[in-house]
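A short write-up of the structure that comes next.
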Amino acid sequence: MTIRRILLLSSVLWTISLHAQIDYDIIPEVSNTYLINDVHIQVSPTDSFGLGDILIEDGYIINVSRNITAPVEAIVIEGDSAYVYPAFIAGLSHTGIPSAEEKSKPNIRFRGYPPNTLAGVTPEISAYSKMKASESSIKSMREAGFAISHVVPNGGMLPGQGSLMLLSGDSADDMLLNEKQSCFFQFKGAPRIFPATVIGVMAKWRDLYHKTEGLIKHKTTYKASTSPLKRPKKDVSLEALIPVVNKEMPVYMNTAKAKSIFRAITLQKELGHKLVLTEVKQGWPAIAKIKQNNISVLLSTDLLKANEDKGKKSEKDDKGKDKKTDKEETKATETALEKTTAVANGEEEKKKTKEEKPKDPETIALEKRKKESVDAYVGQAALFEKEGIPFGFSFIKGKAKDTKKTVNRMIEAGLSKSTALAALTTVPAQLLGIDKQVGTIQKGKMGNLFICDKPYFEEASQIKNVFIDGKPNEIDIKPKKEKKEGGDSSAFKSVKGSWSFSATTPDGIHTGKMIVSGDAENIEVKMIDEDGEEENCTDVALDGQTLTFDRKVGGTMTVNVELTFEDDSYSGTGNIADYGSFPIEGSKTSPEK
Amino acid sequence: MHNITLYISCFLFTLTTLSAQQIQRAQNGIFLLKNGEVYSHENGLVKSDLLIEDGLISQVKPSLSNPDAEVIDCNGLQIYPGMIDSGTKLGLAEISAVSLTQDHDEIGEYTPHMQALTAINPSSVNIPVNRVNGITTVLAVPSGNLFPGTAALIDLHGYTPKQMDAGFAGVVLNFPRSGKKHRWDKRTDEEIKTDNKKALKKLNKYWSSAKSYAAIANKKKDVKYNPQLSAVMPIVNGEAPLMIEVNKKEDILAAIKWTTENKVKAIFTGVAEGYRVLDSLALHNIPVITGPILDNPSRSSDKYDAAYANAGMMHKAGIKVAIRTNETENVRNLPYNAGFAVAYGMEWKAAFRSVTLTAAEIFGVADNYGSLETGKRANLFISDGDPFETNTTIKHLFIKGWNIPLESRHTLLYDEFLERSPGLK
Amino acid sequence: MKHIYIFFLLCSSNGLIAQVETGDVLIKNGTVLTITDGIKDSTDVLIRNGKISQIGKNLTISNGETIDATGLYVMPGIVDAHSHIALDAVNEATRPVTADVWVGDALDPYDVDIYRALAGGVTISHAMHGSANAIGGQCETIKHRWGVLDPDELRMEGAPRTIKFALGENPMRVHGERSEIVPNTRMGIEQVFRQSFAEGQEYQAAWKKYNSGQTKTPPVYDHKKEAIVGILTGEIMIHCHSYRADEILMLMNVLKDYGVKKICFQHVNEGFKVAPELAEFGAYASVFSDWWAYKFEVYYSTAYNAAILTRNGVVTSINSDSKELIRHLYHEAAKAQKYGELTDNESLRLITINPAIQLGIDDRVGSIEVGKEGDIAVFKNHPLSIYARAQYTVVDGVIRFDSTHDPVDMRVDVDPEEGIPAFIDSAKHSGHNCEEGCMQGAHTHQH
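Protein chains in written order, with this note's numbering: chain S, 10 to 602; chain X, 5 to 429; chain L, 14 to 460.
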């Protein structure tokens, strides 16, 4: 089935559902013809049209040229020399998938032989079936310029099938392009249940794979046989793997680190299935092998937070200092020690001593190695480009809304803009088999594009409108207040104080207190849960009335919280990479101090 | 006649089999070690005789004689002071994996009054197994929380703890750690920092209580029974050292700061990263008990021989260094720990001193232990060579003047099973 | 040995595709401890293309490195028949039988313990599954090619397949005591073996029937039973964690019943009690030099174990089971000599040709012979001396450890998020001496 047919089918379904029910809450669509006037058109990663107009009708780009006369029924969008790019395609993400449901602790006697669902083996479940159109991650990805994502479910080693989804629509049905696009695989064990470790996962994969081969054989024999035969045992998981074994469905393996990449290639060579490496963070050690085996790659968009800009700073520091001898080093430590001893009182002085404390040569050497390592991670994309390996991006840990920032860091490290654009458009389109329909702004392609006020890669550029399937999605541009020197003190005043807190998560409603303190430059957010456990949040930032911060839960999980304040209440979402988002709300419990 | 020989050899055979069931008794008396080479820390090996009387070394000089003495011919052999392992669980633990055989870890954060000497099991099978390698004295150390208890220096022969007491007891402090406890420690850097801060707070709170208690108790006789605080009074009063277990560089510096601030006389133990803070340790004149030497480096970026070389580097920097195994059942590897320190840079003499006289000095028992001098306790062994060298054989062993049989479960099993009878059938 | 950074290899990695690097080295004028052909004074060993090509005097090399071994001892690279270094997973402790898993899947070439083992002259280790299960996972024999980035390049290609078994307390504790499933006793462990072997035989028979056309539909594939069949056919050799004499006898009886001929008992602390039976069966023993009393099942053991086993004709080796011990196996061999009356060569055999025999690679490594692989350790002082110190360690003719060029910080993979590598209190500092290797991942950490 071609994508166009799927598209037609889904739009028909959509129309039916619309007409079946009278709903006066909805303003009916006026027209589905749009003319975007007077814009710089980036036709493809390498091809720029210059100023021109784009005509979209019934979801498709009808014309791209200069001075198009607007058809009568067209809604004209004045471009004002804005910039238009083909909408982005996420090679892989969990967009629209709700947080993993808290599984009731399985009380199974034989944890070595658990049911598939507990073992994380559910290749029969599609992302589409788990998708929720109301998930905030969809909006967030769309507003970052994306029109399509290859969405995979979350879970254990085989969470399910990836589905190709449009990033706008009232329901998963509206959004669906292709349900059974891929098989998603992770080197992820089930805690205290087989397979618990990477060796268990790989053994289980081999076992499932060969069992599926057997099932195919059995089914064929059974079908062809005229005499009565033992019927093949029904097994939904194995049946879902038949297209994988038949090399019709690719396996997208989550392989962040080099060792996972090598393991994935080992399995692929041994079993022979199609392989796409995804969420690749440390791919360079395997470059030769990736090339040799002609394996498709999706790079991670989760660049390290560490050294984002500190890197440059420390470099400067390092240059300023000469190498010291060991003796000098210990002497320095000694001096620092004496100092600290001397100023046991007085927080401020203590801080100063800490800052002044010179680094010993060993620390300098170690930090240098760390920096080299960070550079290698950030420079990975550039290296892949140099090596001629095409790649797209995946968004498992990386956030779609940070796409520009992330890609710009890669560009700083040597990646070309055209390859960056290709990674966001044509390469994933090709990988997902939809390059004839999407990825460029050309006549006959889907009306997937976005309008940006400045060239996209400019730091200040803002996406104003994202066309998906020929329909505009205007973006509320938050009025960006001029950042005052020393933070926004008036905005801070309105968020400072004690607030109640209520988060509706899949495992229940959590309530507590949130205390915002500090000053506009250094905002501190402390969360106090029902049990009185306190947690200081990190990465706190205030932009207008929007407060964002990271909160640690359960030791290792990080929730990205984004709250918008309005007078004495706020609402927003908490987002857990890998799982999804949940709503948070609260109101003021104490006046500002 | 033939029959009689057969009978006698049968009898002898039965006798040996029987005696193999239990360890022979140690012998007390006057012993004259003739014609050996006697080791001194100053002059090395010197041809001399050595007389043991009343558990003490009564004379060390050539051509000694004593009609009442049992003479042991040491021709071609070398006589060394018994080795001291400055940190073990010997006597406090029998089988590591069987918790009820463990007597070194009491419940509670502040238990400095737990006396290791109380729980020493003189009949531990571990003791003979380890002493036959020339280790005559060990420090038995409690473990666990902040103040786990009071370590005891014991001789490895005796039937009651009192008989084994070697005259030193030291309160142990496990200084708050800011590193990962083990490879599987999943705490984040932040969490570790917080935990460390909390622990330091606890320590300071306890110590200020201890100071207050001491201030009162120094003036008033009938102060309320408070064993947790009274146990550290001698330390607060500066009369006894505190044994501080500390390993990571930053923790060592913090511990130095703490001891300076609190005017605590300290012995640092562990000190795995001592080589990173040589000047500080030397400057503050803190004696160190380090080990095990046969250990992995503490950080993945460290040089492979960091733990081997640490003791030698500290010694070279002028720090007083003793060596420990931190072992229970394999304290017998003490000479090999010292030997590795030598292979990786420590002078042999310093290394041997670190498992004998330096250790005795740190524990304040150098009057009785650590060298072969007149008047000292007769803790010594006679070997056919360098005591660190692996294939050296210990020929005789004396602890407090007792001639200790060189037997243990290990040797007895060897005797029994080398040629098992019956064999296959 | 060059200081290898993972990112410096970027450029060179292009043309280098999972092909094992070999080299040419001439080791001049050393005291060569051949193990199988006596000691040769002032002798040269020439390695070409990774293989020992000549042993003699006045050898020359046109292209390649030269090591001056004057006054030094040249011995075969040390082989460790039991280790868990270079592995990301050791125990799949979820069931009593995990013959389907394979630690070869979890190789970690970036584990700095590989380099540290090289610094003790060890060139080969048997990376084993842990001892949580009666039938554990399959193991992998690896070469310590420190610096390679691809896990595949650690493998010793062509080394026979092996599998881990475990008797006694560990599987009893993990499964019986903690999960209340069989085995909870040594009786139960025997039945786990008998059941598995019987199932394996049935599985084998079912496939035979299918392959010969007697049945039309294929039996259901079972990755675990495939491995059991491998054991029954002799393709996969058992290496069994064991301590007590009774359990050792039990397993030999089970193996006799199922026609399995080859086995190497690991640890086998009470092997000395049944040395005649082990010798009669032809079983191998890989032991500790002096570990004992860390758990009840090793309380009645002796450091004289290796000597008694050797004297009874059992092929015996000394292993590490520890990332610490692996760094000084030469010293462990020396201790095995101390406790008993083994000759120097018998002691050195414990860490060279004997473990090679136990791993089925003695035709390739374990002694210095022409035609064998160029795995060599060069020591200052005799390797059985306490003062021995590895100077050079050569793997396949490539110098992988060079004490004259041994910078600090040998990590290959630097965690970009870790600043200064964490300080980790060693088990030895905190005074714990549990089986740190064997039970990795099987603990729910009590300490």
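Just so it is clear, CB atoms sit at the ideal spot from N, CA and C, and this is done for glycine as well. From a predicted model like this one, the values you see are computed outputs, not experimental measurements.
The contact set of M211 (chain S) on chain L, defined by CB atoms closer than 7 Å, consists of D118 in chain order. In this model, L428 (chain X) and E290 (chain L) are separated by some 7 Å (Cα to Cα).
DSSP places P339 (chain X) inside the alpha helix (DSSP H), whose first and last residues are 338–347. Residues of chain X with a Cβ closer than 9 Å to the Cβ of Q350 (chain L) are, in chain order, T394, N395.
Here DSSP, grouped into helix, strand and coil, assigns S580 (chain S) to strand. Flagged as an interface residue toward chain S: V114 (chain L), by a C-beta distance shorter than 7 Å. Less than 7 Å divides the Cβ of F591 (chain S) from the Cβ of T514 (chain S).
S387 (chain X) carries a strand assignment under DSSP once its states are collapsed to helix, strand and coil. The beta carbon of M317 (chain X) is closer than 6 Å to those of Y279 in its chain, skipping five residues each way along the sequence. Scanning its chain for C-beta atoms nearer than 7 Å, with the 5 sequence neighbours on each side dropped, one finds around T79 (chain L) the residues L39, K41, in chain order.
Ranked by how close their Cα comes to the Cα of R424 (chain X), the residues L:I366, L:A288, L:D165 have L:A288 in first place.
At a cut-off of 7 Å between beta carbons, V260 (chain S) makes no contact with chain L. Between A259 (chain X) and V250 (chain X), the beta carbon gap of about 5 Å places them in contact (Cβ cut-off 8 Å). For P232 (chain L) and P123 (chain S), the gap between their C-alpha atoms comes out near 21 Å. Looking at the DSSP output, H400 (chain X) shares a beta bridge with X:I386. For M168 (chain X), the enclosing alpha helix (DSSP H) covers residues 165–168. Of S:S596, S:L424, S:T557, the smallest CA-CA separation from G583 (chain S) is found for S:T557. By the Cβ neighbour-count rule, D303 (chain L) is buried, with 16 or more other Cβ atoms within 10 Å of its own. The alpha helix (DSSP H) runs lying completely inside the region 115–175 of chain X and spanning 4 residues or more are 120–123, 130–135, 165–168, given in chain order. Counting other Cβ atoms within 10 Å of its Cβ, F119 (chain S) stays below 16 and is therefore classed as exposed.
Positions of the alpha helix (DSSP H) runs, each at least 4 residues long and wholly inside the region 353–388 of chain L, are given as 357–362, 366–371 in order along the chain. Following the DSSP letters along the chain, one finds S138 (chain L) inside the beta strand (DSSP E) bounded by residues 135–140. As summarised for the region 408–439 of chain L, there are no continuous alpha helix (DSSP H) elements at least 4 residues long confined to that stretch.
Residue range 270–274 is occupied by the beta strand (DSSP E) that includes T273 (chain X). Scanning its chain for C-beta atoms nearer than 7 Å, with the 5 sequence neighbours on each side dropped, one finds around T323 (chain L) the residues T329, L355, E359, in chain order. With the rule of 3 Cβ pairs closer than 8 Å, the region 362–377 of chain X does not count as touching the region 342–353 of chain X.
Neighbours of S182 (chain X) in chain S, taken as residues whose beta carbon is under 8 Å from its own, are absent, since the nearest beta carbon is some 15 Å off.
For V436 (chain S), the enclosing alpha helix (DSSP H) begins and ends at 435–440. Per the Cβ contact rule, the region 334–348 of chain L is in contact with the region 396–404 of chain L (3 or more Cβ pairs under 8 Å). Per DSSP, the unbroken beta strand (DSSP E) holding M523 (chain S) starts and ends at 517–527. Within chain X, the residues whose beta carbon sits less than 7 Å from that of L375 (chain S) are S305, listed in sequence order. For S90 (chain S), there is no enclosing alpha helix (DSSP H); the enclosing beta strand (DSSP E) covers residues 84–95. Nearest CB-CB separation between A259 (chain X) and chain L: not below the 7 Å threshold. A buried status is given to A320 (chain L), since no fewer than 16 other beta-carbon atoms sit within 10 Å of its beta-carbon. For F466 (chain S), the three-state secondary structure derived from DSSP is coil. Using a 10 angstroms sphere on the CB of R135 (chain X), the tally of other CB atoms reaches 16 or more, which defines it as buried.
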